[in-house]
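Quick note: the sequence shown, position 125, residue 127 per this note's numbering, numbers continuous.
By construction, the Cβ of each residue, glycine as well, lies at the ideal position given by its N, Cα and C atoms.
All values derive from a computational prediction rather than experimental measurement.
Report on one structure; see the data block that follows.
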Amino acid sequence: MTQSPIAPAALLATPLDADTVPSVAHGPRAEPTGVLDRFDDWARLAPQAPAVIDSARIWTYQDLDEAAEQVAAALGDRVRSGDLVGVCLDRSAALVVTAVALARIGAVYLPLGPRPGERRTKAVTEDLDVACLIGDPGVLPEGHRGGEHLPLPLPTAGVNAPAAVVAAFTQCARGTRRAPENALYAVLTSGSTGRPKAVAVAETSLSVALDWYRAETGLAPGDRQSLLIGVAFDPHLLELWAALTSGAALVPAPDDTRWDSHVLTDWWRERALTHAVAATPTVEPLLDRPWPQDLKLRHLVVGGDRMRRRPGTDVTATVHNAYGPAEATVVTTTHTMRNTDPDAGEQAPPPIGTALPGVTLVVTDDDGRPVPRGQDGELRVGGHCLALGYLDPELTARRFTAPPQVPELPSVDRLYRTGDRVRMNADGSLDFLGRLDDQVKISGVRIEPAEVEAAFEHDPRVRGAVVTVLRDSSGHGRLVAHLRLADGAEPVTGELLDAVRAWLPEQAVPGTVRIVDGFPLDANGKVDRPALAAAVPAPVAPGTTTEDEHTDTGATATVPATATERLVLATVRDLLGRPGTGLGDNFTDAGGTSIIAARLLATVERETGVRLRAPELLRSTDLRAFAALLDQRRTPQPAGA
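Here it is in C-alpha cells:
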C-alpha cells in the first residue's frame, strides 16, 4: 500500500503524569483483505443468487459478473488501470455494474452523482486527470456532451435507470493530478477554497470496513441491503460492496425515500430490507413516532450528522451510530444501541462510539500531543482505515501528519487530522462536540454552535436544534436557533430562551429563534446549514405587513379565504423564508425544492391528517390550487360518490 507524504518531523510529546491516562485508543486487530475477490467468489459459488433487486427485475451474481465483463471490454484500452473515471449515475443496477467493471479494470471509481453541477465538474476536470465521464448523455455537463461518446452495455431498466449510458471523452485539456497507486475509488470533499478536494482510498482500507460490517451485522446470503445513500457521498460504497462481498442482494432506493420518512419505512417494508444505511437527519423523524413493528430490518447504520437522541424501546432494529470522515474510509467509530439498553429512548445524544478494527484514535491539543481522557481536543485517526491521501500532495502533507512520539503509538506511522472536537471517555469511547472550524465570535466571545444546540436539546420540548450565524452588512453576527419541537409542545420562544440561559453565557444565547418542522438536507443527506441560514427572513421595515397578518402579497394580492389557504401560505412562507410569497405563486417557481416539499407535506399531514404526495404539490398550478386539493381530500365524500 502506497504511503502518503508525512509532515517532516515527528512531534515530541510532553509526558503525562503517571496517573493520567492519555486519550489514545486502538480498535481490535485487523488484517486487510480483498474486495473484488470476494465478489468473484460469490459469483462463482452462487451464480444464481440475487445480486440486485428492484421493482422491475432481479439481476443475479452471474448477470452482474457478465455485464461487468462486457462493460470492461467495451472500454477496452480507452480506460486503463489507475485512470480516474467520473461516474454520473444514480443508485441503480447500472451503477453497480459500473463499480464492478471499473474495479476489474483497475480504474479508480470517482462518483459524481447523476446530475453533477456544471461548475463543480469543470473544477474537477480542470484539476484532476479524469479519463472520461460515464452517464446518460442527456444529463452530462456541456463540456462532455459535445465530445466523443462510447456507448456502454449497461442496464437501462429498473429503479433510477438511465435512458442510455456512454463513456464521454472531452476534447478539452485534462487536469494533471492522478490517483495514487493502488486506489480503488476517490471521492470529493468540500474545500475551503471553493474547489472540491479529491481523496483516494485503497481496496485494502475499504476491506477492513467491510469485514467489520459483515461481522457486526451478520449480513449474509438471503439478506437484503439498501442502496440508499446519495452517490456522491462515500457511505454508498459501504452499502454497495457490503452486499456484493456477502452474497446478499442490493436494493436500489427510489429518490423520494430519502426525503419522506413515511415513504422510507414503506419501502423498507415492501422490499423486505434486512440491513440499511441512512443519513442521521433522515432517520431521526422516525424515532419521534412509533416504530413500525412489521419490518424485517435487523440493522440500521446511521451517520453523517450528530445524533440527538437514542432510539426508543419500540425500535426493533439494532441501530449503529457511526462516525467517520472520507479520509478514514467511511466508518471510524460506532456506538451500538438496542431496545433492551437501560438508556433506550433517552433524549440525549449518544456517543459516536469506539474504534473499529484496525483503527487508532488520538485526541490531541493544539500542538498534536495527546490530552488526558475526559479533556476536549482534536480527533486524529490512524491505522488501516486511512485513505492514501488527497490528490493534492501538499494538502496531504498538511492533513496526514506524523504521530507524536509516545509509547501508546508504537506502530502508527501517520495520523489524519479530522478537525473535529471530541472527548474520550474512560472506556475509550468518544463524545462528539462539534467542528473546530465552526467556532464563531459573538461580542468577542468564542462560541461553539454545537454547545448551543445541546443546551436547547436539554429541554424536553425540543426534539432537535441547529444554530446558524446571521451577519449584517457590517459583519456583526448574531446567532439564530432553528428548533424542531416535540409533538404537542407550544412554541413559546421566551421560555425556551430562558431555559438555555442556565447552560450558556449571555453572548451564546441566540437573538432569534425559528420554529421549524424539520431541517433541510443536502444531496448527501446532511443538514443543509447554508439553506437553513438562508431561510431566515430579512428584518421587516416598520409599517410593513408581516406574515402573521395573513395578507397575500404575491402574484394575486388577495386575503386567504380559508383556514387551509392560511395554513399552506404561512408554512410555505416560513419554509422558503419569503414573506412575500402569495397564493397565486407556483411552488417551484417560488423557490420550492424536493426537500422543502417533503417538509411542507409533513406539516400538512400533521395539521390536517391528510397525506398528499410530492407530485400532487408539484402538479398544482399555484398554492391556491394545492390548498383546494387539500380541502377536497379533507371533505368526506357522499356515499356512492
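Check this for me: beta carbons of residue i and residue j, under 8 Å apart or not?
{"i": "Y187", "j": "L114", "result": "no"}
{"i": "Q349", "j": "R308", "result": "no"}
{"i": "C1", "j": "L135", "result": "Because the chain spans 3 through 643 in this model, residue 1 falls outside it and cannot be assessed."}
{"i": "L221", "j": "A244", "result": "yes"}
{"i": "V442", "j": "V471", "result": "yes"}
{"i": "V279", "j": "S228", "result": "yes"}
{"i": "A467", "j": "G520", "result": "no"}
{"i": "T57", "j": "N162", "result": "Rather than Thr, the amino acid found at residue 57 in this sequence is Ser. Cβ atoms of S57 and N162: not closer than 8 Å."}
{"i": "A200", "j": "L299", "result": "no"}
{"i": "L417", "j": "V364", "result": "yes"}
{"i": "A488", "j": "R463", "result": "yes"}
{"i": "T420", "j": "R382", "result": "yes"}
{"i": "G527", "j": "R260", "result": "yes"}
{"i": "G140", "j": "A165", "result": "yes"}
{"i": "P198", "j": "A125", "result": "yes"}
{"i": "F434", "j": "D422", "result": "yes"}
{"i": "T172", "j": "R226", "result": "no"}
{"i": "G360", "j": "C387", "result": "yes"}
{"i": "L620", "j": "A600", "result": "no"}
Put residue i into one of helix, strand or coil per three-state DSSP.
{"i": "E33", "result": "coil"}
{"i": "V364", "result": "strand"}
{"i": "K124", "result": "helix"}
{"i": "F41", "result": "helix"}
{"i": "L487", "result": "strand"}
{"i": "V304", "result": "strand"}
{"i": "T573", "result": "helix"}
{"i": "H460", "result": "coil"}
{"i": "I598", "result": "helix"}
{"i": "I354", "result": "coil"}
{"i": "R80", "result": "helix"}
{"i": "V414", "result": "coil"}
{"i": "P223", "result": "coil"}
{"i": "V454", "result": "helix"}
{"i": "V442", "result": "strand"}
{"i": "A428", "result": "coil"}
What residue range is occupied by the uninterrupted alpha helix (DSSP H) comprising residue i?
{"i": "Q64", "result": "Y63 to L77"}
{"i": "Q634", "result": "L625 to R636"}
{"i": "L619", "result": "A616 to R621"}
{"i": "V253", "result": "First-last for V253: A251 to P254, but that is the beta strand (DSSP E), not the alpha helix (DSSP H)."}
{"i": "L393", "result": "Run containing L393: none; DSSP gives neither H nor E here."}
{"i": "P237", "result": "P237 to L246"}
{"i": "R144", "result": "A small fix is needed here, since residue 144 is Glu in this sequence, not Arg. Per DSSP, E144 belongs to the alpha helix (DSSP H) from E144 to R147."}
{"i": "G496", "result": "T495 to V502"}
{"i": "P283", "result": "T282 to L289"}
{"i": "A535", "result": "R531 to A536"}
{"i": "L212", "result": "E205 to T219"}
{"i": "L266", "result": "S263 to E272"}
{"i": "T100", "result": "A95 to I107"}
Looking at the secondary structure, which residues open and close the beta strand (DSSP E) in which residue i lies?
{"i": "E150", "result": "E150 to P153"}
{"i": "L297", "result": "From DSSP, L297 is part of no beta strand (DSSP E); its letter is neither H nor E."}
{"i": "I231", "result": "No beta strand (DSSP E) holds I231; DSSP gives it neither H nor E."}
{"i": "L190", "result": "A185 to T191"}
{"i": "P113", "result": "V110 to P113"}
{"i": "E380", "result": "D378 to G385"}
{"i": "L135", "result": "V132 to G137"}
{"i": "A165", "result": "No beta strand (DSSP E) contains A165, which DSSP labels as neither H nor E."}
{"i": "A53", "result": "P52 to I55"}
What residues are listed by DSSP as bridge partners for residue i?
{"i": "D422", "result": "R437"}
{"i": "A467", "result": "L485"}
{"i": "L199", "result": "The sequence given here places Lys at residue 199; Leu does not occur at that position. In the DSSP output, where bridge partners are listed per residue, K199 has T191."}
{"i": "H322", "result": "V303 and T338"}
{"i": "T514", "result": "V482"}
{"i": "P374", "result": "P24"}
{"i": "G347", "result": "Beta-bridge pairing links G347 to no other residue."}
{"i": "G88", "result": "L112 and L135"}
{"i": "T403", "result": "L417"}
- Within the chosen definition, does the region 203-214 reach the region 42-50 through at least 3 CB pairs nearer than 8 Å? no
Handout entry: At least 3 beta-carbon pairs within less than 8 Å: the region 201-210 vs the region 33-40
Key = yes
ask   = Is there contact here, the region 108-122 with the region 258-275, by at least three beta-carbon pairs under 8 Å?
value = no
Do the region 400-410 and the region 339-356 meet, that is, are 3 or more Cβ pairs less than 8 Å apart? no
**Item:** Inter-stretch contact (C-beta, 8 Å, three-pair minimum) for the region 60-76 and the region 151-166
**Value:** yes
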